[in-house]
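Residues in the sequence shown are numbered consecutively from 1, following full-length UniProt numbering. Read through the structure below, which is laid out as structure tokens, and then see the notes.
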Amino acid sequence: MLTRCLAIASPMNFKFSLLLNALPLWIIGLQGVASAQVSPSSEASVTAPTHIQPATSDTSVVRQSNHQLNILGGQSSGGVEPNLVHQFHQFDVGSDNAANFIVAPDVANVISLINSTQPSAIDGLLQITSDDPNLPSNANLFLVNPAGIIFGQDVTLNLPANLTATTSSGLLFNDRYLLSVDGSISEIALSDHQSEHHSGTPSIRNLVGNPNGYLLFTGSTSSEISAPFSTALPTGSIENQGTLQVPPQASITLIGQYIQNDGNLTAPGGNVNLVAASGDNLLRLTQPGNILGLEVIPADTLQTIASTEAQSAITLLPAANLAEMLTGGEDNNATQLAITADGAFVLNNTPPLTPTAGTVLIRGTVDISDSAIPAPNRLPGQVNILGDQINLIGGSIYANAVDQAGTISIGGMPVVDTFSATYVLIDRSSELSVDSSEANGGVINVWASDTVRFYGEATADGASSDLDGDISINAGNSLDVRRPAVSR
Numbered sequence: 001m002l003t004r005c006l007a008i009a010s011p012m013n014f015k016f017s018l019l020l021n022a023l024p025l026w027i028i029g030l031q032g033v034a035s036a037q038v039s040p041s042s043e044a045s046v047t048a049p050t051h052i053q054p055a056t057s058d059t060s061v062v063r064q065s066n067h068q069l070n071i072l073g074g075q076s077s078g079g080v081e082p083n084l085v086h087q088f089h090q091f092d093v094g095s096d097n098a099a100n101f102i103v104a105p106d107v108a109n110v111i112s113l114i115n116s117t118q119p120s121a122i123d124g125l126l127q128i129t130s131d132d133p134n135l136p137s138n139a140n141l142f143l144v145n146p147a148g149i150i151f152g153q154d155v156t157l158n159l160p161a162n163l164t165a166t167t168s169s170g171l172l173f174n175d176r177y178l179l180s181v182d183g184s185i186s187e188i189a190l191s192d193h194q195s196e197h198h199s200g201t202p203s204i205r206n207l208v209g210n211p212n213g214y215l216l217f218t219g220s221t222s223s224e225i226s227a228p229f230s231t232a233l234p235t236g237s238i239e240n241q242g243t244l245q246v247p248p249q250a251s252i253t254l255i256g257q258y259i260q261n262d263g264n265l266t267a268p269g270g271n272v273n274l275v276a277a278s279g280d281n282l283l284r285l286t287q288p289g290n291i292l293g294l295e296v297i298p299a300d301t302l303q304t305i306a307s308t309e310a311q312s313a314i315t316l317l318p319a320a321n322l323a324e325m326l327t328g329g330e331d332n333n334a335t336q337l338a339i340t341a342d343g344a345f346v347l348n349n350t351p352p353l354t355p356t357a358g359t360v361l362i363r364g365t366v367d368i369s370d371s372a373i374p375a376p377n378r379l380p381g382q383v384n385i386l387g388d389q390i391n392l393i394g395g396s397i398y399a400n401a402v403d404q405a406g407t408i409s410i411g412g413m414p415v416v417d418t419f420s421a422t423y424v425l426i427d428r429s430s431e432l433s434v435d436s437s438e439a440n441g442g443v444i445n446v447w448a449s450d451t452v453r454f455y456g457e458a459t460a461d462g463a464s465s466d467l468d469g470d471i472s473i474n475a476g477n478s479l480d481v482r483r484p485a486v487s488r
């Protein structure tokens, strides 16, 4: 049975389809580009030992018990559900070790600030446990390292709730307080959200609730990623080589300059958000906890109202055209096949699969499928992939369910109107699936302002033909669909 809705829109589709039809299928798949220009995960596996070094000895304490490093202390924001902030100079977890955050059961978020010149290598166990054996923790974990975060092949999670990993330089709270990676706190004013200044010096007590913004700088004082990491990855990258799995209905969010998933991201019935941003911007969540309510605010519009003594005013960078920052300012129309100096095949004027800021590369699996019967009023899960360039090379994204299937959104629009892709590639060995065995199929949205090349499979099957879901593939300029999105 055919999927119920397949929306395709592009004024330039016919022209480019004629050009590419003449190419051999193995070139059209573009798998040669991926292997030639991005190092395979097996060649960049994490082998770093365990090093967890607190930035301050008077707050965070690390105690080793055999192969487990227990992390205690931290600074608490106070309140009914406080945030707990840890500061580290280094945070690496080897494959035979565990990093165990021990927290009070009322802690809402564990925020780990890693102010390092090197990315964090996490190849062991990440865990949060309650300090009260009778009351479990339900805390979310935030890992913040502007230099980069690499999850190795042996990484495992034992978390009670959500995981957020980001290479941002600071986290925004309540549209007002910016917690920088060095632990300093500033009170800021957003250009479109002016409000009166709160008297007094901002402190950890002001950091209540969930972070609702991520400050990203392309220019960083961090060094290039070096061995044992792939030298192809730029500073500010997040790469997953292993399996990151959170509990049912929880979420995994990766926000950085460059995102690469070579492993498995699993959140049964929950959400997975992959966001890669170029330029110097504050990514603000207009809807708490919802990445689809994303607003991009140029960093040079931020104004510091007050700050802690250790925090200087936010460095205002030269103004840049926001559209250029999000699109790269290039004309990405494919015109001919070319061979690069290293033998890689690329389409001229089409973004090559090189790891650059604003790019998401998926060569592994993202799975939010839910085999359980959902509780009443629970929304189906979502996978959201946002960036300037998005590439699925042998990647799979599943949002299947017994009941209502989930949603896969790639490229932003029409869901996110302030942050959208210019180029999306889904190769012939990639698969998108939002099928339901007993109810409605889900929704797949693929969108780019310039070019979409869709050569993979997409299904949105419902329990019967009248319950099939929707598949929408749209491009503002050039659309090339080689394999129609069909169901069974």
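Cβ atoms here follow ideal geometry from the backbone N, Cα and C, with glycine treated the same way. These numbers were taken from a predicted model, which means no experiment stands behind them.
Query                                                                                                            : Result
DSSP bridge partner residues for H86 (one or two, in chain order)                                                : S112
7 Å Cβ cutoff met for T354 and G256                                                                              : no
Alpha carbon of N391 to alpha carbon of V360, nearest angstrom                                                   : 6 Å
Distance between I408 and T248 (C-alpha atoms, nearest Å)                                                        : What sits at residue 248 in the sequence shown is Pro, not Thr. Near 18 Å, if we compare the C-alpha coordinates of I408 and P248.
Residue of A98, G170 and G381 minimising C-alpha distance to P273                                                : Per the sequence presented here, residue 273 reads as Asn, with Pro not at that position. The candidate whose alpha carbon is nearest that of N273 is G381.
Burial state of D280, where buried means 16 or more other Cβ atoms lie within 10 Å                               : buried
Distance CB(L126)-CB(A108) smaller than 7 Å                                                                      : no
Integer Cβ distance of V452 from G442, believed to fall under 8 Å                                                : Actually they are not in contact, since the Cβ atoms of V452 and G442 sit about 19 Å apart, beyond 8 Å.
Spatially closest choice to S203 from V85, Y398, I149 and T253, by CA coordinates                                : V85
Close-in-space but distant-in-sequence residues of the same chain around N445 (CB under 6 Å, 5 per side omitted) : S409 and S472
As assigned by DSSP and simplified to three states, the class of T301                                            : helix
For P160 and V366, the rounded distance between their alpha carbons                                              : 20 Å
Residue from S430, W447 and S396 whose Cα sits closest to the Cα of G411                                         : W447
Exposed unless 16 or more other CB atoms sit within 10 angstroms - verdict on E438                               : exposed
Closer than 6 Å: I102 CB and nearest the ligand MG heavy atom                                                    : In the structure shown, the ligand MG is absent, as is every other ligand, since no ligand is present at all.
Residues near V275 by beta carbon distance below 6 Å, same chain, minus five either side                         : I255 and L386
Straight-line Cα distance separating L171 from T221                                                              : Only weak support exists for where T221 lies, its pLDDT of 36 falling under 50; the value from the coordinates is given anyway. Using only the alpha carbons, I get a separation of about 18 Å.
For V208, the nearest candidate out of G236, L179, T218 and F217 (CA to CA)                                      : L179
Paired residues, beta bridge with P54 - DSSP                                                                     : F88
Segments assigned beta strand (DSSP E), at least 3 residues, entirely inside the region 379-412                  : 382-386, 389-392, 396-398 and 407-410
Spatially closest choice to V155 from E239, S449, R176 and Y214, by CA coordinates                               : E239
Q260 versus S237: straight-line alpha-carbon distance, rounded                                                   : 8 Å
Per-residue DSSP class, three states only, for D262                                                              : coil
Buried versus exposed, by CB contacts within 10 Å (16 or more), Q389                                             : buried
Which of helix, strand or coil DSSP assigns to R453                                                              : strand
Nearest candidate by alpha-carbon position, reference S478, set S436, S449, Y214 and T301                        : S449
Status (buried if at least 16 other CB within 10 Å, exposed otherwise) for Q404                                  : buried
DSSP three-state assignment for I188, whether helix, strand or coil                                              : strand
Beta-carbon proximity list for I397, same chain, < 6 Å, skipping 5 on both sides                                 : V366, V383, I408 and L432
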